[in-house]
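K.L.:
So the protein lines, in turn, are chains F and P. Position one of the first sequence corresponds to residue 238 (our numbering), numbered consecutively onward. Position one of the second sequence corresponds to residue 34 (our numbering), numbered consecutively onward. In this text, a Cβ means the ideal position worked out from N, Cα and C, and glycines have one as well. None of these values were measured; they are calculated from a predicted model.
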Amino acid sequence: MAIIEHEPNEVLELDSGDPTTPDRGIGVFLRPTDETGWRSWLFTVDHKKIGIMYGCVAMFWFFVAGVEALLVRIQLWGPDSSVLTASEYNQLFTMHGTTMVFLVVMPLAAAFANYIVPLQIGARDVAFPRMNALALWIFIFGGIFLNLSWFTGGAAECGWFCYAPNSGLAYSPGTGVDYYAFGLQILGVASLIGSANIIVTILNMRAPGMELRHMPIFTWMILVVQFLLLFSLPVITVALILLTLDRSFGANFFNVDQGADPLLWQHLFWIFGHPEVYILILPSFGIVSETLPVFSRKPLFGYTFVVFSGIGIGFMGWGVWAHHMFASGLGPVSVAAFSATTMFIAVPTGVKILNWIATMWGGNIRFELPMMFSISLVSMFTIGGLSGVMHAVAASDTQQTDSYFIVAHFHYVLFGGALMGLFAGMYYWWPKIFGHHLNKRLGKIHFWLVLIGFNAAFGPMHILGLQGQARRQYRYPEEANFDLWNKVSTIGAFVILIAMLVFAYNILKSAKQYRNGEIPQAGADPWDGRTLEWSIPSPTPAHNFDYTPVVTQLDDFWHKKYATNEHGKLVKIADGNDIAQKGDQTPHLPSPSFWPIVMATGFPIAALGVIYNLALSAVGLLIIVGSLYGWALEPATDPNSGHGHDDHPDDAPSDGGDDASASQDEATEGASVV
Amino acid sequence: MRASSAQRSPMRRVLRPAGLAVAVGLLTTGCTEGGVFDTLNPKGENARIIDDLTNFIGIAAVVVGIVITVLVTYVVIRYRTTDETYDALPEQVHGHTVAELTWTIVPAIGLIVVTVLSLPAIFELDSQDKDDITVLVEGQQWWWQFSYDLDNDGEYEIVTSGDIVFPAGQQVNLQITSNDVIHSFWVPELNGKKDAVPGLHTPLKLHADEPGVFWGQCAEFCGLSHAEMRLRAVALDDTDWERWVSEQTTAGVIPDGQDVAVQRGYEAFGQFCSSCHVVDGVYDSAYENEPPLLSGIAPNLTHLMGRTSFAGGIFELYNDDGTVNEADLLAWVRDAPGRKALAPDNQQGMTSFAEQLSNEQLSDIVAYLSTLGEAPILP
């Protein structure tokens, strides 16, 4: 990235807006052209619309998983409760966990990764826009598929880690586990496609001058997460294939009678499952690493340390999986080894927390909503992290594993950590995405209710765990003395419900007020931001950037607003809203496509076939293969489709910025027909 | 976007420390009112090793947590913006290598200390002395079976379920396994949990300082009735232990026919129950044919009345006044799936006899069951 002479205000040179007539190759292989209405969403390849759809669908599943959790909490209100049957309860906690992990937190992170990462690196879209749409639709159909099991004889009753041999046909004869296995398999395909796409985007499509050491910290954390996905998902894929072979084709991978070792499943699951924990939390670490500096008006303290601790977590996350199995009978040497590795993964995590505090230290802290959620992440995640260190003491963990202490721990990590960070991200980027702020008063009510409800719901679980309440038990005896804290916890869960209703109301009300012109359109740079997404109008124009920004340092946009004067004092030299791009160009953009959504339908159909009738699988596979042809033969609508394919502006000898920006645009469009 | 005065209301300053105080308060009070599964109430050597570690790491975690929380609270209050300073630029500190190395290295050293201090317990808890009594613990959907090898000859002299009886004051070796799915054996007051994995024998030790009854439960999700798979660990003094062993090693006797109801119950048991349940010396043939239970065998009932509970430890066998809990026993024999989540259609658990057996037959069977073994020996 040696090209830095580019003038910031120079307009991208493009043969933009030329009317073109696409070759009408084969009749059906046309591209959709709608720019508004529902079709524009179904067939879009725009990373922003895809990001928004990830977010909306994830929030829907958040609601579903929340209802599941509330039913569980109602059941646990008192001893020997009989609101739910054992089977109903088992289905609910299984689907609550599976839904929250795979259909809420992961896609919410994917929503931000899709929407924000291209903006932060100054790109016009992701590297492979149609693959991006494909990943979205596979995810959507995978989520629907997983939840179909509610209506086909009952969802899986095995917990989200679905241990063998309980998951085998002998002990789980219904189709629930099949839906679980294929649901996760389909969602895994979506995540793999997405991860490859985002890795290529981040590594190849950064604005000229944005070296890795200049890259925004959120983009960094997303990059680490995509590598974790890329390497961990194949492991769960293998495990799920073995499970399916056992259940549908009579194999014996987990059949103890035939000499199988059921711990094989646990190893495979947790080799995926532990990196998965970091897949869930690192995006939120990235978000607060953006918001804490912005709302403290200070740069991130120790950017390099934070980046490397993120990478360190990514690597070390592969060496700790067996701490989920301290009670499994691994033998003392293995337990001791994994106990030690687990201790040390606390080091990079602790580094992050202290760097965040140091970022705020000496700052000028504005209590805007994103900041409030970010600060609560720092506090709440710390609690979850510390109980994690307690679990690293393996002997002590044998009293805590599979008890409510663990449930408290991972909710402090995943709710107090991941979800708090994602809420911070929503309030932070809402004006960029939708063009207006969310109501601050309602937002504050939301914040305080979440914080109080969260601590009331999950704080008591620490006590319940120490009192010996085992998780996944649909009732408990009176003698156990669990009812007081279970009641507090249930009340807390309902406080969270109220908080989320306030949030939903805020979204609807703010949107309505914005439509009616009662609240103003947000400026390009409402928070005095540091990264490139704030250098373009709000909401983001369809083409993102009028011209490719050129970056010379970390927080480049902020340094365009502030500089040291002749007395060596830092002063504001420009307002972000004034120097932002105008968003008035109309460059050519990747065309929408029918094929991602069509191809995605093939996956659940093929999976249903394995459960019910293999002929249906053939239909599903035909759809997938046929769509590949449609995909490949789709006509390009690019007016410049004949121009040379130089996707490597940094390799090319170049004497100016034009070349770089044109190449980058070309990379975007070239990819769309690959 | 200007900060309003409401943002700097005392609310925030008060709530955060208050929340912390409440959390600490909850933890301390929570520690004092545990029930039968309390992990912080060790009653034996093994549990005490764990408890000492938990206290050590728990206090360390709470201290670090308080430090961080106080620090965060201080920072957000001390450096909050005001109307006057809203646009002010603080000093732009990008980092401090020495500080960062410090807070990388110091926690790492702390964790090394914790690791070194905590690892020996893993090996200590895992070691078993071969001379101690060995009990084979088998998890089944959804009850526990305990087989005793008292003389270390590889043969099991006693087979029981529900209550694991052992001598107080000495270590007892457990070999834990499963006949179906993975379970986890957990008596919180005596030791941590250990999974029962089919095909593996995982070691665990039981030790109780004093005679007593300690509750246990299955701690790994094992299917439908995971919540209703409990047990009692009964520690006896040496005299009681000897007495219990001698009682348990006597075979059952065929009723002499004096009590008509018992006699009829004995016959009905043979017809309806003995294909799954063994009564040593009376109905031994239960497992000669392929048992109709996928998850293994049904409990051995030879000394049923010597136990405190039945049906996976969820019903008391005796009322508070010491009489047999015939109501629950009858209801159980009549319609087990109506009393506990079972799936007899998938051969998981006892089937319902509500259709097959008349009320008279049911009470006859209960009458017969009441003759199986002596009353429990309790500390």
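Can you name, in chain order, every residue of its own chain whose Cβ lies under 7 angstroms from the Cβ of P/LEU269, other than the five neighbours on each side?
P.N.:
Taking the second sequence and counting its residues from 1, the one referred to as residue 269 of chain P is at position 236. Once the five neighbours on either side are set aside, the close Cβ partners of P/LEU269 are VAL198, PRO200, ALA201, PRO244, TRP277, ILE410 and PRO412.
K.L.:
Would you decide whether F/MET553 is buried or exposed? Buried here means 16 or more other CB atoms lie within 10 Å of its CB.
P.N.:
Residue 553 of chain F sits at position 316 when you count from the first residue of the first sequence. Burial call: buried.
K.L.:
For chain F, is any of its Cβ atoms less than 8 angstroms away from the one on P/GLN204?
P.N.:
Looking up residue 204 of chain P in the second sequence gives position 171. So no, P/GLN204 is outside the interface.
K.L.:
Can you give me the start and stop residues for the alpha helix (DSSP H) that F/SER616 sits inside?
P.N.:
Sequence index remark: in the first sequence, residue 616 of chain F carries index 379 (1-based). Start and end: 606 to 629.
K.L.:
Which partner residues does P/ARG13 have in the DSSP bridge list?
P.N.:
Nothing about residue 13 of chain P can be reported from this structure: the residues present for chain P run from 34 to 412 only.
K.L.:
Where do the ends of the alpha helix (DSSP H) carrying F/ALA707 lie?
P.N.:
As a first step, residue 707 of chain F is located in the first sequence; it is residue number 470 there, counting from the start. Note, F/ALA707: premise wrong, no alpha helix (DSSP H); not H, not E.
K.L.:
Along the region 208 to 223 of chain P, what residues have a CB closer than 8 angstroms to any CB found in chain F?
P.N.:
Within the region 208 to 223 of chain P, the qualifying residues are ILE209, ASP213, VAL214, ILE215, SER217, TRP219 and PRO221.
K.L.:
Roughly how many angstroms separate the alpha carbons of F/GLN422 and F/THR474, rounded to a whole number?
P.N.:
What you label residue 422 of chain F is simply residue 185 of the first sequence in a count that begins at 1. What you label residue 474 of chain F is simply residue 237 of the first sequence in a count that begins at 1. Taking the straight line from one Cα to the other gives about 6 angstroms.
K.L.:
Would the region 824 to 833 of chain F count as touching the region 842 to 850 of chain F if we require 3 or more Cβ pairs under 8 angstroms?
P.N.:
Not touching, per the Cβ criterion.
K.L.:
Below 9 angstroms between beta carbons is the criterion; list the residues of the region 337 to 356 of chain P that meet it against any residue of chain F, in chain order.
P.N.:
Per Cβ criterion, the list reads ILE347.
K.L.:
Buried or exposed, going by whether 16 or more other CB atoms sit within 10 Å of the CB of F/THR801?
P.N.:
As a position in the first sequence, residue 801 of chain F is number 564, starting the count at 1. It is exposed - the Cβ of F/THR801 has fewer than 16 other Cβ atoms within 10 Å.
K.L.:
Please identify the residue among P/ASP186, P/ILE82 and P/VAL214 whose C-alpha is closest to the C-alpha of F/CYS395.
P.N.:
Within the first sequence, residue 395 of chain F is the residue found at index 158, counting from 1. Among P/ASP186, P/ILE82 and P/VAL214, the Cα nearest to that of F/CYS395 is on P/VAL214.
K.L.:
What span of residues does the beta strand (DSSP E) with P/GLU171 cover, start to end?
P.N.:
In the second sequence, the residue the question calls residue 171 of chain P occupies position 138. 167 to 173 is the extent of the beta strand (DSSP E) around P/GLU171.
K.L.:
According to the Cβ coordinates, are F/LEU688 and F/ILE735 closer than 8 angstroms?
P.N.:
As a first step, residue 688 of chain F is located in the first sequence; it is residue number 451 there, counting from the start. As a first step, residue 735 of chain F is located in the first sequence; it is residue number 498 there, counting from the start. In this structure, F/ILE735 does not lie closer than 8 angstroms to F/LEU688 by Cβ.
K.L.:
For P/SER396 and P/VAL230, what's the separation of their Cα atoms in angstroms?
P.N.:
Residue numbering aside, residue 396 of chain P sits at position 363 when the second sequence is read from its first letter. Residue numbering aside, residue 230 of chain P sits at position 197 when the second sequence is read from its first letter. For P/SER396 and P/VAL230, the distance between alpha carbons rounds to 38 angstroms.
K.L.:
Considering only residues of the same chain and omitting the five flanking positions on each side of F/ALA427, which have a CB-CB separation below 7 angstroms?
P.N.:
On the first sequence, position 190 is the one that residue 427 of chain F refers to. Within the same chain, F/ALA427 has close Cβ partners ALA372, ILE375, PHE376 and GLY379.
K.L.:
Closest Cβ-Cβ distance between P/TYR316 and chain F: below 8 angstroms?
P.N.:
Locating residue 316 of chain P in the second sequence gives position 283, where the first residue counts as 1. Answer no: the Cβ-Cβ gap between P/TYR316 and chain F never drops below 8 angstroms.
K.L.:
Secondary structure at F/HIS780, three-state DSSP: helix, strand or coil?
P.N.:
The count along the first sequence starts at 1 and reaches residue 780 of chain F at position 543. F/HIS780 falls in the coil class under three-state DSSP.
K.L.:
Quick one: complete alpha helix (DSSP H) runs, 4+ long, within the region 778 to 828 of chain F?
P.N.:
The qualifying runs are 793 to 798 and 813 to 816.
K.L.:
What three-state label does DSSP hand F/SER633 in the structure shown?
P.N.:
Taking the first residue of the first sequence as 1, we reach residue 633 of chain F at position 396. Reduced to three states, the DSSP call for F/SER633 is helix.
K.L.:
Can you list, in chain order, the residues of its chain with a C-beta nearer than 6 angstroms to that of F/ALA393? Leave out the 5 residues immediately preceding and following it.
P.N.:
Numbered from 1 along the first sequence, position 156 holds the residue referred to as residue 393 of chain F. Contacts found: THR331, GLY413, VAL414 and TYR417.
K.L.:
Could you name the residues of the same chain whose beta carbon sits closer than 7 angstroms to that of P/ALA80, not counting the 5 residues immediately before and after it, in chain order?
P.N.:
In the second sequence, residue 80 of chain P corresponds to position 47, counting from 1. Answer for P/ALA80: GLU222, LEU223 and ASN224, listed in chain order.
K.L.:
At 7 angstroms on the CB atoms, spell out the chain P contacts of F/GLN636, in chain order.
P.N.:
Here residue 636 of chain F corresponds to residue number 399 of the first sequence, with the count starting at 1. Those within 7 angstroms of F/GLN636 in chain P are THR72, ILE83, THR87, PRO221 and GLY225.
K.L.:
I believe P/GLY128 touches F/PHE538 by the beta-carbon criterion, under 8 angstroms. Please report the beta-carbon distance rounded to the nearest angstrom.
P.N.:
By one-based count along the second sequence, residue 128 of chain P stands at place 95. By one-based count along the first sequence, residue 538 of chain F stands at place 301. Contact holds; Cβ gap of about 5 angstroms.
K.L.:
Check the C-beta distance from P/ALA154 over to P/ILE82 and give it rounded, since I have them as a contact under 8 angstroms.
P.N.:
Here residue 154 of chain P refers to the residue found at position 121 when the second sequence is read from its first residue. Here residue 82 of chain P refers to the residue found at position 49 when the second sequence is read from its first residue. Right, their Cβ atoms sit about 5 angstroms apart.
K.L.:
Is the CB of P/CYS64 under 8 angstroms away from at least one CB in chain F?
P.N.:
The sequence position of residue 64 of chain P within the second sequence is 31, counting from 1. Because the pLDDT at P/CYS64 is just 46, under 50, the model does not fix this residue reliably, and the value given afterwards should be weighed accordingly. Judged by the 8 angstroms Cβ criterion, P/CYS64 is in contact with chain F.
K.L.:
In the DSSP assignment, find the beta strand (DSSP E) that holds P/HIS216 and state where it starts and stops.
P.N.:
Here residue 216 of chain P corresponds to residue number 183 of the second sequence, with the count starting at 1. P/HIS216 -> beta strand (DSSP E) spans 216 to 219.
K.L.:
Taking F/SER318 and F/ARG712 to be in contact with their CB atoms under 8 angstroms, please state how far apart those CB atoms are, rounded to whole angstroms.
P.N.:
Numbered from 1 along the first sequence, position 81 holds the residue referred to as residue 318 of chain F. Numbered from 1 along the first sequence, position 475 holds the residue referred to as residue 712 of chain F. Sure, about 6 angstroms apart at Cβ, within 8 angstroms.
K.L.:
For F/VAL543 and F/GLU527, what's the separation of their Cα atoms in angstroms?
P.N.:
For the purposes of this step, residue 543 of chain F is identified with residue 306 of the first sequence, where counting begins at 1. For the purposes of this step, residue 527 of chain F is identified with residue 290 of the first sequence, where counting begins at 1. Each residue's alpha carbon lies about 12 angstroms from the other.
K.L.:
From F/ASP888 to F/GLU770, what does the alpha carbon distance come to, in whole angstroms?
P.N.:
Here residue 888 of chain F refers to the residue found at position 651 when the first sequence is read from its first residue. Here residue 770 of chain F refers to the residue found at position 533 when the first sequence is read from its first residue. Only weak support is given to the placement of F/ASP888: the predicted model assigns it a pLDDT of 40, under 50, and the question is left unresolved by the model.
K.L.:
Below 9 angstroms on C-beta distance, what does F/THR619 contact in chain P?
P.N.:
Position 382 of the first sequence, counting from 1, holds the residue named residue 619 of chain F. Within chain P, the residues near F/THR619 are VAL97, GLY98, ILE101, THR102 and VAL105.
K.L.:
Exposed or buried, what is F/HIS560 when buried is set at 16 or more other beta-carbons lying within 10 Å of its beta-carbon?
P.N.:
Here the question's residue 560 of chain F lines up with position 323 in the first sequence. F/HIS560 is buried by the Cβ-count criterion.
K.L.:
What is the DSSP secondary structure of F/THR438, reduced to helix, strand or coil?
P.N.:
Here residue 438 of chain F is taken as the residue at index 201 of the first sequence, counted from 1. Helix.
K.L.:
Quick one: list the residues of chain F neighbouring P/GLU253, beta-carbon separation under 8 angstroms, in chain order.
P.N.:
On the second sequence, residue 253 of chain P is found 220 positions in, with the first residue counted as 1. Simply TYR400, ALA564 and ASP639.
K.L.:
If contacts are defined as beta-carbon pairs under 8 angstroms, then P/TRP219 and P/GLN250 qualify, I think. What distance do you get, rounded to the angstrom?
P.N.:
Here residue 219 of chain P is taken as the residue at index 186 of the second sequence, counted from 1. Here residue 250 of chain P is taken as the residue at index 217 of the second sequence, counted from 1. Contact flag correct, Cβ pair sits at about 6 angstroms.
K.L.:
With DSSP collapsed to three states, give me the class of P/VAL312.
P.N.:
On the second sequence, residue 312 of chain P is found 279 positions in, with the first residue counted as 1. Residue state, collapsed to three classes: strand.
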